[in-house]
Every structure is written in C-alpha cells, then in structure tokens.
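In my numbering, the protein residues as written are 5 to 86.
We put the CB at the ideal spot given by N, CA and C, even for glycine.
Here the structure is laid out as structure tokens; the discussion comes afterwards.
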C-alpha cells in the first residue's frame, strides 16, 4: 500500500503524460488508477495538478516543473498540516 508521499509522486508522474486541455477529463482518467482514492487526501494534489497540466497544455506560460513541485509542497501542508 502506498503512503501519501508515494501517491503524490505517482500523481505528478502520471499527470505529465495527460494530453489535452480539459482538466476534468484528466481527473477522470487518473482516478481510474487503483492508487487514487477520490475521497482521500490525494485528491487535493490531483485537482491542482490536473488544472496546471491542462493550462500548460493549452499554451499557458508557466514553468510546469516548478508549478507541480509547488503543488506537492503546498498540498502536503494542506493535507498533513506540516
């Protein structure tokens, strides 16, 4: 069983391979993975990662690597309080 840190890393890895600009489609595609519980704390990371990736894929001018790192950091604080 994966802990939250492992799930977060896997979400970031998997979201990078998502094509398109629809974050809802990305979210639905990724939630088919067994390691994601949409009612668990990992959905906070998944939500933000899908929005960032969709924006990036649409031509949004962001540093996607830095943005996804920030999602991991910010959501870790949100989910764990640390």
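- Query: Along the chain, which unbroken stretches of the alpha helix (DSSP H) at least 4 residues long are found entirely within the stretch 34–62?
  - Reply: 46–61
- Message: Quick check on this structure: which residue in 74, 39, 78, 72 has the alpha carbon closest to the alpha carbon of residue 7?
- Response: 39
- Message: I'd like the list of long-range same chain contacts for residue 42, defined as Cβ closer than 6 Å, with 5 residues on each side in sequence excluded.
- Response: 35
- Message: Tell me the residue span of the alpha helix (DSSP H) that contains residue 18.
- Response: 8–19
- Whose CA, out of 14, 49, 67, 18, lies closest to the CA of residue 78? 49
- Mind checking whether the beta-carbon of residue 69 lies closer than 7 Å to any heavy atom of the ligand GTP? As for the ligand GTP, it is missing from this structure, which has no ligand bound.
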